[in-house]
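Inspection log for the structure reproduced underneath, given as structure tokens.
In the UniProt record's numbering, the protein residues as written are 1 to 344.
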């Protein structure tokens, strides 16, 4: 069954998605002029956009907004998606990834660069895939892992990795940027703030990794009991999430500190794009699952701590997005002088 307000919401959502498809269908003539490789990558993103809509339908059915569309899939084919983590990645894929696919298809057909949005998607996709697959393998649903589902996941990963390499092969748009005088850190107050942020962010990242590794420290035990009991959820997704973040974000913060201090690190904008996409996906899933009703009550964030939990995790999510925007919108500091390039 569907209430009147829920039905209206689905109706509006349907027209929003239809409007997006109609908007980008105007580029059909440009698509016919593309070479074979670009047509293939467009076809992959179009298929993924369709799968994103399917994931959105899964999320809506999980919330009982619609009924009867994917009941068999939820009960038999992929029981992992019924977890709070699976619920959140359904919405992320159905909304954020869907818009990314449409933007990349539009950029390709219009002859524009899709490297920036593509790198952001690479980070988001890699984080989603690694955590979901490893969580399925070691969590409480391990016995439900079927061979057909595993084969489908591996096929999805293989095609996506090929798409990732295609994105990395795109030329950078920073070649025409004029070199500017390199200012010291004192004259770059925004970069100084980012450096100050990166140090506690690194500590927080390592700390949560130690928490899921069952560190015996009283601080770690108190943290799981009072602030984030979801880290002990038996589904294993939060544990895998924190371990991947510690092993990925930890080195990233150290490398980024170096990149903000030493001029000429041309890899900084691309690196921040990939990391920002990964962190946005990870934090969206983690925050949502920590508060979701599908998470057992004993593993949810206590009501009295929720403001602190949200403040810390939202800041931990948004500041790297701001750093990414700074590196991509003003990349002159990270460009190497032409003389250095000629010597190489």
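Yeah, the Cβ is synthetic: ideal placement off N, Cα and C, and Gly gets one too.
**Prompt:** When you compare each of 264, 206, 266 to residue 242 by their alpha carbons, which one comes out closest?
**Reply:** The residue labelled residue 242 in the question sits at position 242 within the chain shown. Answer by Cα proximity: 206.
**Message:** Can you give me the C-alpha to C-alpha distance between residue 270 and residue 138, rounded to a whole angstrom?
**Reply:** Position 270 of the chain shown, counting from 1, holds the residue named residue 270. Position 138 of the chain shown, counting from 1, holds the residue named residue 138. So the alpha carbons of these two residues sit roughly 32 Å apart.
**Request:** Taking all protein chains shown into account, decide if residue 117 is buried (16 or more other Cβ within 10 angstroms of its Cβ) or exposed.
**Result:** Locating residue 117 in the chain shown gives position 117, counting from the first residue. With 16 or more Cβ atoms within 10 Å of its Cβ, residue 117 is classed as buried.
**Asked** How many Å lie between residue 263 and residue 334 at the Cα?
**Response** Residue numbering aside, residue 263 sits at position 263 when the chain shown is read from its first letter. Residue numbering aside, residue 334 sits at position 334 when the chain shown is read from its first letter. Cα to Cα, residue 263 sits roughly 5 Å from residue 334.
**Prompt:** What's the gap between the Cα of residue 265 and the Cα of residue 219?
**Reply:** Against the chain shown, residue 265 aligns to sequence position 265. Against the chain shown, residue 219 aligns to sequence position 219. Near 37 Å, if we compare the C-alpha coordinates of residue 219 and residue 265.
**Prompt:** Taking C-beta to C-beta, are residue 52 and residue 94 nearer than 8 Å?
**Reply:** Here residue 52 corresponds to residue number 52 of the chain shown, with the count starting at 1. Here residue 94 corresponds to residue number 94 of the chain shown, with the count starting at 1. Their beta carbons are under 8 Å apart, which means residue 52 touches residue 94 by this criterion.
**Item:** CA-to-CA distance, residue 40 to residue 324, given in whole angstroms
**Value:** Locating residue 324 in the chain shown gives position 324, counting from the first residue. Locating residue 40 in the chain shown gives position 40, counting from the first residue. Answer to the nearest angstrom: the Cα atoms are 29 Å apart.
**Asked** How is residue 10 classed by DSSP in three states: helix, strand or coil?
**Response** Position 10 of the chain shown, counting from 1, holds the residue named residue 10. Below a pLDDT of 50, predicted positions are generally treated as unreliable, and residue 10, at 47, falls in that range; the measurement from the model is reported next regardless. In this structure, residue 10 counts as helix in the three-state DSSP scheme.
**Prompt:** Which word fits residue 295, buried or exposed, when buried means at least 16 other C-beta atoms lie within 10 angstroms of its C-beta?
**Reply:** If you number the chain shown from 1, residue 295 lands on position 295. So residue 295 ends up on the buried side.
**Prompt:** What span of residues does the alpha helix (DSSP H) with residue 123 cover, start to end?
**Reply:** Counting from one through the chain shown, the residue named residue 123 turns up at place 123. 115 to 138 is the extent of the alpha helix (DSSP H) around residue 123.
**Prompt:** Does the beta-carbon of residue 283 have 16 or more other beta-carbons within 10 angstroms, so that it is buried, or is it exposed?
**Reply:** What you label residue 283 is simply residue 283 of the chain shown in a count that begins at 1. Buried, because 16 or more other Cβ atoms sit within 10 Å of the Cβ of residue 283.
**Prompt:** Under 8 Å, do residue 136 and residue 90 count as touching if we go by C-beta distance?
**Reply:** As a working note, residue 136 is residue 136 in the chain shown. As a working note, residue 90 is residue 90 in the chain shown. No, the Cβ-Cβ distance between residue 136 and residue 90 is not below 8 Å.
**Prompt:** Touch check for the segment 314 to 330 and the segment 275 to 293: three-plus C-beta pairs under 8 Å?
**Reply:** yes
**Backbone CA spacing between residue 307 and residue 286 [nearest angstrom]** = Your numbering for residue 307 matches position 307 in the chain shown. Your numbering for residue 286 matches position 286 in the chain shown. Roughly 15 Å between the two C-alpha positions.
**Message:** Suppose the cutoff is 6 Å on Cβ atoms and the five residues either side in sequence are ignored; what does the same chain contact list for residue 231 look like?
**Reply:** The sequence position of residue 231 within the chain shown is 231, counting from 1. Here the set comprises 211, 212, 224, 238.
**Asked** Per DSSP, what kind of secondary structure is residue 64 in: helix, strand or coil?
**Response** Here residue 64 is taken as the residue at index 64 of the chain shown, counted from 1. Residue 64 falls in the coil class under three-state DSSP.
**Asked** Is residue 166 close to chain B, meaning its C-beta is less than 8 Å from at least one C-beta of that chain?
**Response** Annotation note: the requested chain B is absent from the structure, which comprises a single protein chain.
**Request:** Evaluate residue 312 with the Cβ neighbour count: other Cβ atoms within 10 Å of its Cβ, from every protein chain shown; 16 or more gives buried, anything less gives exposed.
**Result:** As a working note, residue 312 is residue 312 in the chain shown. By the neighbour-count rule (16 or more Cβ atoms within 10 Å), residue 312 is not buried but exposed.
**Request:** Measuring alpha carbon to alpha carbon, tell me which of 194, 170, 67 ends up nearest residue 258.
**Result:** Numbered from its first residue, the chain shown carries residue 258 at position 258. Checking every option, the nearest Cα to that of residue 258 belongs to 194.
**Item:** Contact under 8 Å by Cβ, residue 49 with residue 134
**Value:** Taking the chain shown and counting its residues from 1, the one referred to as residue 49 is at position 49. Taking the chain shown and counting its residues from 1, the one referred to as residue 134 is at position 134. Not in contact: residue 49 and residue 134 (Cβ atoms no closer than 8 Å).
**Own chain partners of residue 128 with C-beta closer than 6 Å, once the 5 adjacent residues on each side are dropped** = For the purposes of this step, residue 128 is identified with residue 128 of the chain shown, where counting begins at 1. 89, 281.
**Request:** Measure the C-alpha to C-alpha separation of residue 251 and residue 297 and round it to an integer number of angstroms.
**Result:** Position 251 of the chain shown, counted from the first residue, corresponds to residue 251. Position 297 of the chain shown, counted from the first residue, corresponds to residue 297. Looking at the two C-alpha atoms, the distance is approximately 34 Å.
**Collapsed DSSP secondary structure at residue 270 in the structure displayed** = Reading the chain shown from its first residue, position 270 is the one you call residue 270. Reduced to three states, the DSSP call for residue 270 is helix.
**Message:** Using only the alpha-carbon positions, how far apart do residue 26 and residue 166 sit?
**Reply:** Here residue 26 refers to the residue found at position 26 when the chain shown is read from its first residue. Here residue 166 refers to the residue found at position 166 when the chain shown is read from its first residue. Confidence is the limiting factor: at residue 26 the pLDDT is only 48, short of 50, which leaves the residue's position unreliable and the question unanswerable from this model.
**For residue 291 and residue 229, the rounded distance between their alpha carbons** = The residue given as residue 229 occupies position 229 in the chain shown. The residue given as residue 291 occupies position 291 in the chain shown. Their Cα atoms are separated by approximately 11 Å.
**Item:** Per-residue burial, residue 244 [other beta carbons within 10 Å of its own, 16 or more giving buried]
**Value:** Along the chain shown, read from residue 1 onward, the residue named residue 244 stands at position 244. It counts as buried.
**Message:** I believe residue 108 touches residue 38 by the beta-carbon criterion, under 8 Å. Please report the beta-carbon distance rounded to the nearest angstrom.
**Reply:** The residue given as residue 108 occupies position 108 in the chain shown. The residue given as residue 38 occupies position 38 in the chain shown. 6 Å between Cβ atoms; contact.
**Asked** Leaving out the 5 sequence neighbours to the left and right, which residues in its chain are closer than 6 Å to residue 240 when beta-carbon positions are compared?
**Response** Numbered from its first residue, the chain shown carries residue 240 at position 240. Contacts found: 131, 134, 135.
**Message:** One question on the structure: do residue 125 and residue 160 come within less than 8 Å of each other, judged by their Cβ atoms?
**Reply:** Here residue 125 refers to the residue found at position 125 when the chain shown is read from its first residue. Here residue 160 refers to the residue found at position 160 when the chain shown is read from its first residue. Result yes, Cβ atoms of residue 125 and residue 160 sit closer than 8 Å.
**Item:** CA-to-CA distance, residue 162 to residue 110, given in whole angstroms
**Value:** As a working note, residue 110 is residue 110 in the chain shown. As a working note, residue 162 is residue 162 in the chain shown. Cα-Cα distance, rounded: 22 Å.
**Backbone CA spacing between residue 234 and residue 83 [nearest angstrom]** = What you label residue 234 is simply residue 234 of the chain shown in a count that begins at 1. What you label residue 83 is simply residue 83 of the chain shown in a count that begins at 1. Straight-line Cα distance between these residues: approximately 11 Å.
**Asked** Looking at C-alpha atoms only, which residue of 221, 277, 59, 80 is the closest neighbour of residue 123?
**Response** Position 123 of the chain shown, counting from 1, holds the residue named residue 123. Residue 123 has its Cα closest to that of 277, out of 221, 277, 59, 80.
**Item:** Buried/exposed call for residue 304, threshold 16 Cβ in 10 Å
**Value:** In the chain shown, residue 304 corresponds to position 304, counting from 1. With fewer than 16 other Cβ atoms within 10 Å, it is exposed.
**residue 213, enclosing alpha helix (DSSP H) - first and last residue** = Walking along the chain shown from the start, residue 213 turns up at place 213. Segment: none, residue 213 is in no alpha helix (DSSP H) and carries neither H nor E.
**Message:** Going residue by residue through the segment 233 to 292, where are the continuous alpha helix (DSSP H) segments of at least 4 residues, counting only ones entirely within it?
**Reply:** 237 to 261, 268 to 291
**Item:** Helix, strand or coil at residue 43 [DSSP, three-state]
**Value:** Numbered from its first residue, the chain shown carries residue 43 at position 43. Residue 43 falls in the helix class under three-state DSSP.
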